[in-house]
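Going by this note's numbering, the first residue of the sequence shown is number 896, and it counts up by one from there. For every residue, glycine included, the Cβ atom is placed at its ideal position computed from N, Cα and C.
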Amino acid sequence: MKIVPDDPSLKTARILVVDDEAANLNLVDRAFRREGFTYVVTHLDAREALADFAATPPDLVLLDLMMPGFDGYECLESFRRLTAQDDYLPILVLTADSTMNARLRALALGANDVLLKPYDVGELLMRSWVLLDTRRRFAAR
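Dropping the structure here:
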């Protein structure tokens, strides 16, 4: 059963996923590909993701916060610095840190939404679709 609407223009969006757990990356990648998304790029290393982001900006970022070394907060700040002021780039934070402080900090640094792990894959897909649709509508203005 498909979860997101059948919208070919959104299914070609470049989705950048950053998480230090390979199992999490595989879960997200499989879920989006099952829905027909064709351009899902995953990174275990946040610094590699940042270089990828700078080289080929995505349409949506899914970002874990708790990663060793260069963590999700630093990554989030860097993504926002690399995003043009007049661009709407949605960033959805995926985190196991359920504290209000973590959510507020992520939102203050520029996250558009926060989804707590473990999350429902259907909810992840629908929130992502809404963010991508908002990006498309913003670009069409």
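Residue i to residue j span [Cα, whole Å]
i	j	result
V936	R909	7 Å
F965	D901	36 Å
M1021	D914	20 Å
T990	A1035	31 Å
L957	V912	5 Å
P1013	L939	18 Å
R929	L922	11 Å
L960	A941	10 Å
Contact belief for residue i with residue j at Cβ below 8 Å, rounded distance in angstroms
i	j	result
A926	V1016	5 Å
Where residue i sits in the DSSP three-state scheme
i	result
Y968	helix
R862	In this structure the chain extends from 896 to 1036, so residue 862 is not present and cannot be described.
L1011	strand
D924	helix
T990	strand
T937	strand
L960	coil
L955	strand
Chain-order list of residues whose beta-carbon lies under 7 Å from that of residue i (same chain, five-residue window excluded)
i	result
D1028	L905
Own chain partners of residue i with C-beta closer than 8 Å, once the 5 adjacent residues on each side are dropped
i	result
A1006	L958, L971, I986, L987 and V988
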